[in-house]
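Undergrad: Top to bottom, those sequences are chains A and B. Counting from 229, one number per residue, gives the positions in the first sequence under my numbering. Counting from 125, one number per residue, gives the positions in the second sequence under my numbering. Below you'll find the structure I mean.
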Amino acid sequence: MASQEVKLLGFWVSPFSIRVEWALKLKGVDYEYIEEDIFNKSSRLLELNPVHKKVPVLVHDGKVMAESFILLEYIDETWKQDPLLLPQDPYERSKARFWARVAEEKLLEYSFTAMCTHGEKKEQALKSAVEAAEKIEEEMKRNNKKFLGGESIGYLDLAMGWIAYWLPVWEEVGSMQIVDPSQFPATTAWSKRFLDHPVIKQNLPPRDKMLVYFHERRKILGGLV
Amino acid sequence: MADDDQVILLDFWASVFGMRVRIALAEKEIKYESREEDLFGKKSDLLLKMNPVYKKIPVLIHNGKPVCESLIIVQYIDEVWKDRSPLMPSDPYERAQARFWADFIDKKMYLPSRRIRTTKGEEQEAAKKELFEIFKILEEELGDKPYFQGEAFGFVDISLITFSSWFHTFETFGNFSLEVEFPKIIAWTKRCMERESVAKSLPDPKKIWTFSVERRRELGLD
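Rendered as structure tokens:
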């Protein structure tokens with residue numbers, strides 16, 4: 229059997245590359261991690277992902293793939309051991325894909341924008357972020373299992389995992405509140421359970437470094453956004 | 125799948141996203157009821173109930189349960205009616221590639237294609253440039269293959285072919301010829317149009333042109 233060589237190009241604070249690491253670690257897949265400086269992109273990254281020039285990039289036995297949600301599905305289809313990340317039922321699977329998209333396109337976009345802006349722009353982004361969070365809260369309430377994937381962590385937990393750890397950092401950096409625990413009990417409870425999972429707990433970037441990083445990003449992007 | 129399956133598609137005749145679902149349903153020979161939404165007037169209560177998050181078409185309602193977002197719907201259709209005309213490859217790596225290109229098309233094509241017909245001057249020129257960049261990448265990816273996924277028509281083709289009903293409109297507003305600039309894409313378009321599922325799912329490009337002109341007038345651009 230040919231060697232199962234797995235490489236992951238990532239960035240230490242990227243929620244996109246970390247969610248792929250979570251998936252690999254949950255499945256017990258060995259991989260070589262390669263840190264990329266996204267502000268000084270290597271020729272290797274540009275060669276492997278010429279279309280988007282972004283991390284994460286997964287290389288499995290020489291096969292190159294990109295886009296974190298797509299990588300989660302690839303990992304699940306290739307390494308079929310537990311935990312099964314995607315639901316088995318096509319309707320449930322379509323819902324998982326849909327809510328992953330909502331969290332990414334709405335909550336993540338607007339939260340990040342709200343963090344980096346001020347005044348009217350910030351207020352608008354904040355409002356939209358809260359609206360998105362409210363819809364996600366409804367879904368969280370509807371799911372009365374330990375995780376969105378059921379008893380074990382699944383695709384949607386990994387897709388939304390940034391909410392548990394990155395969002396509170398962005399809230400602090402942006403002096404704002406989007407997920408108020410008293411208003412979002414289900415999301416808050418899910419976040420705590422998610423972060424308590426041994427694999428997740430051991431694979432989070434240091435919070436103090438994150439604060440420094442995002443304060444810097446806010447300063448730089450604040451002028452442009 | 126059972127013959128008493130109830131399949132409803134909430135759609136809009138000119139939507140490239142709605143067209144994708146039409147093609148997938150046709151490929152699988154699924155009987156369904158199509159309901160036209162009045163997007164510029166009033167959205168139906170059913171649409172607002174079935175897609176409260178985005179309030180957009182297409183929405184597939186299968187035995188009362190809604191599926192939203194065109195590419196998610198196409199994958200759903202492929203997975204439920206898996207006994208015929210597969211739209212996705214079976215190999216995980218090829219599936220990842222197919223999803224990547226469908227995602228690229230989904231993320232990149234719509235906005236510049238909209239701006240080229242709803243703006244003018246410098247903004248329109250910038251949109252044209254962006255569109256060219258995207259077509260260039262797609263022409264390169266297609267290469268000499270008959271379809272994006274190789275020998276078989278599939279998911280990536282469905283993601284892109286629906287824009288072809290708008291090609292004449294882009295060319296006229298942007299003052300260029302796609303056939304001259306991107307011959308492989310145009311050859312591929314003609315090949316796809318030979319499929320009944322595609323031909324019967326796409327509107328007449330002339331109707332799309334008239335629609336765009338009307339919209340432009342409504343926006344006060346000409």
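Ideal Cβ positions, reconstructed from N, Cα and C, are used throughout, including at glycine.
Does any residue of chain B bring its CB to less than 8 Å from the CB of M404 of chain A?
TA: Output row for M404 of chain A: interface = no.
Undergrad: Where in the stretch 259-301 of chain A do unbroken runs of the beta strand (DSSP E), each at least 3 residues long, occur, reported from the N-terminal end onward?
TA: Entirely contained in the stretch 259-301 of chain A, the beta strand (DSSP E) runs reaching 3 residues are, in chain order, 260-263, 285-288 and 291-294.
Undergrad: Check whether the Cβ of P318 of chain A lies closer than 8 Å to any Cβ atom in chain B.
TA: For P318 of chain A, the nearest beta carbon of chain B is closer than 8 Å to its own beta carbon.
Undergrad: What residues of chain A sit near K189 of chain B, judged by a beta carbon separation below 8 Å?
TA: Residues of chain A passing the Cβ test: Y319.
Undergrad: For L312 of chain A, which three-state DSSP category applies?
TA: coil
Undergrad: Starting from I201 of chain B, trace the alpha helix (DSSP H) in both directions and tell me its first and last residue.
TA: S194 to V204
Undergrad: Excluding the 5 residues preceding and the 5 following R315 of chain B in the sequence, name in chain order all residues of the same chain whose CB lies nearer than 7 Å to its CB.
TA: Excluding sequence neighbours, R315 of chain B sits near P270.
Undergrad: Inspect the beta-carbon positions of L299 of chain A and V257 of chain A and report whether they are closer than 8 Å.
TA: no
Undergrad: The beta strand (DSSP E) that contains V131 of chain B, what's its start and end?
TA: V131 to D135
Undergrad: What is the DSSP secondary structure of V234 of chain A, counted as helix, strand or coil?
TA: strand
Undergrad: Could you name the residues of the same chain whose beta carbon sits closer than 6 Å to that of S321 of chain B, not counting the 5 residues immediately before and after it, in chain order?
TA: I147, A150 and E151
Undergrad: Mind pulling the chain B residues with CB within less than 9 Å of F326 of chain A?
TA: V177, V191, C192, E193 and I196
Undergrad: Taking only beta-carbon atoms, is V204 of chain B less than 8 Å away from chain A?
TA: yes
Undergrad: Distance, Cα to Cα, Q430 of chain A vs G402 of chain A?
TA: 26 Å
Undergrad: Only counting the same chain, and skipping five residues up and downstream in sequence, which positions put a Cβ closer than 6 Å to that of R340 of chain B?
TA: D346
Undergrad: May I have a chain-ordered list of the alpha helix (DSSP H) segments no shorter than 4 residues that lie completely inside the stretch 220-276 of chain B?
TA: Taking only runs of at least 4 residues, the alpha helix (DSSP H) segments lying wholly in the stretch 220-276 of chain B are 234-242 and 245-266.
Undergrad: Considering just the uninterrupted stretch of the alpha helix (DSSP H) at H443 of chain A, what are its terminal residues?
TA: R435 to G450
Undergrad: Measuring only between beta-carbons, confirm whether Y271 of chain B sits less than 8 Å from chain A.
TA: no
Undergrad: Put M229 of chain A into one of helix, strand or coil per three-state DSSP.
TA: Here M229 of chain A scores only 38 on pLDDT, less than 50, and its place in the model is too uncertain to base an answer on.
Undergrad: Could you check whether the stretch 252-270 of chain A touches the stretch 404-415 of chain A, counting it as contact only if at least three pairs of C-beta atoms, one from each stretch, sit closer than 8 Å?
TA: no
Undergrad: Taking 8 Å as the cut-off, decide whether the C-beta atoms of P182 of chain B and L134 of chain B are in contact.
TA: Cβ atoms of P182 of chain B and L134 of chain B: closer than 8 Å.
Undergrad: In terms of alpha-carbon separation, which member of B:P236, B:F277 and B:I309 lies closest to L262 of chain B?
TA: When the alpha-carbon of L262 of chain B is set against those of B:P236, B:F277 and B:I309, the nearest one is in B:I309.
Undergrad: Can you have a look at I448 of chain A and say buried or exposed, based on whether 16 or more other CB atoms are within 10 angstroms of its CB?
TA: exposed
Undergrad: Work out the CA separation of H292 of chain B and V440 of chain A for me, nearest whole Å.
TA: 51 Å
Undergrad: Check P526 of chain A in the structure and name its three-state DSSP category.
TA: Nothing can be reported for residue 526 of chain A: it is not among the residues displayed for chain A, which extend from 229 to 453.
Undergrad: Quick check: the stretch 213-232 of chain B against the stretch 154-167 of chain B, are at least 3 beta-carbon pairs closer than 8 Å?
TA: Contact fails: fewer than three Cβ-Cβ distances are below 8 Å.
Undergrad: Would you report the Cα separation of E332 of chain A and L195 of chain B, rounded to the nearest angstrom?
TA: 16 Å
Undergrad: For the alpha helix (DSSP H) containing S339 of chain A, name the first residue and the last one.
TA: E337 to C344
Undergrad: From K437 of chain A to I285 of chain B, what distance separates their C-alpha atoms?
TA: 46 Å
Undergrad: Which residues of chain B have a Cβ atom closer than 8 Å to the Cβ of I298 of chain A, listed in chain order?
TA: A220, R223, F224 and D227
Undergrad: Considering H292 of chain B, what are the terminal residues of the alpha helix (DSSP H) in which it resides?
TA: F291 to G298
Undergrad: How about S322 of chain A and V191 of chain B: do their beta carbons lie closer than 8 Å?
TA: yes
Undergrad: Between the alpha carbons of W205 of chain B and W290 of chain B, how many angstroms are there, rounded?
TA: 29 Å
Undergrad: Would you decide whether E348 of chain A is buried or exposed? Buried here means 16 or more other CB atoms lie within 10 Å of its CB.
TA: exposed
Undergrad: Write down the C-beta distance between A357 of chain A and L386 of chain A rounded to the nearest angstrom, noting that I regard them as a contact closer than 8 Å.
TA: Their Cβ separation, rounded to whole angstroms, is 21 Å, which puts A357 of chain A and L386 of chain A out of contact at 8 Å.
Undergrad: Using a Cβ-Cβ cut-off of 6 Å (strictly less than) and excluding sequence neighbours within five positions of F279 of chain B, which residues of its own chain qualify?
TA: L211, M212, A222 and A226
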